[in-house]
Amino acid sequence: MKGLKLAAAILVFGTLTFTPKAEAKSLFSTRQVIAQVPNSQTENQNDTETYFKRGFKRIESKDYRGAIEDFNQILKIEPKNAYAYLGRGLGNFGLDEYQAAKTDFDQALEITPDIPYAYYFRGLTNFALKDKQGAIADLQKAFTLFKQEGNQEFAQKATDAIEKIQES
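Under mature numbering (1 follows the signal peptide of the UniProt record, and there is no 0), the letters of the sequence shown match residues -24 to -1, 1 to 144, in that order.
In structure tokens form, the structure reads like this:
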């Protein structure tokens, strides 16, 4: 479990960067999440964009509590913003607050059920919570959605995570 927790931490936080030094094997990029965030539907669009950018930068710098505060601000403005729940879930995951992270990923998927990253990270969270079946189911769903999007790299990473969980 300790090895997978370390691997998950590396996957999530070691590779959340904008720098060109990010390794080719990175599993996640804030640019990819930000690119998927739909435009705000409120008058406070600039506020939410600022909070998103700052929230993901805080995750990059491992300021998880600060990131959670930023995503909370977005949720005050837009209570149904699935990507704010996704970001807050990543912050909670970074703090080893797995139940809170799972709740956030659940909420994101309830609002928008086709976010592959939410399934991917909920899968890792489920594994941290010792729910291997739930972890594998979520990672399989992430694989399917990544494949539908044509994101072969991340589809493969989901498959790799499934294999590691099955071997554990």
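Backbone N, C-alpha and C define an ideal beta-carbon position, used for all residues, glycine too.
Could you work out which residue in the options is closest to residue i when comparing CA atoms only?
i: residue 51; options: 140, 130, 87, 96; result: 87
i: residue 101; options: 138, 90, 36; result: 138
i: residue 82; options: 71, 58, 38, 54; result: 58
i: residue 108; options: 143, 54, 25; result: 143
i: residue 93; options: 74, 38, 130; result: 130
Taking its Cβ as the centre, do 16 or more other Cβ atoms sit within 10 Å of residue i, making it buried, or is it exposed?
i: residue 146; result: Absent from the structure is residue 146, since the part of the chain shown begins at -24 and ends at 144.
i: residue 46; result: buried
i: residue 99; result: buried
i: residue 72; result: exposed
i: residue 78; result: buried
i: residue 128; result: exposed
i: residue 126; result: exposed
i: residue 19; result: Residue placement at residue 19 cannot be trusted, given a pLDDT of 45 that sits under 50; what the coordinates show is reported in the next sentence. Exposed, since its Cβ has fewer than 16 Cβ neighbours within 10 Å.
Below 9 Å between beta carbons: does that hold for residue i and residue j?
i: residue 121; j: residue 91; result: yes
i: residue 84; j: residue 62; result: yes
i: residue 65; j: residue 31; result: no
i: residue 44; j: residue 23; result: no
i: residue 69; j: residue 28; result: no
i: residue 134; j: residue 105; result: no
If I'm right that residue i touches residue j with Cβ under 8 Å, what's the distance once you round it to whole angstroms?
i: residue 95; j: residue 117; result: 5 Å
i: residue 111; j: residue 119; result: Contact flag wrong, Cβ pair sits at about 12 Å.
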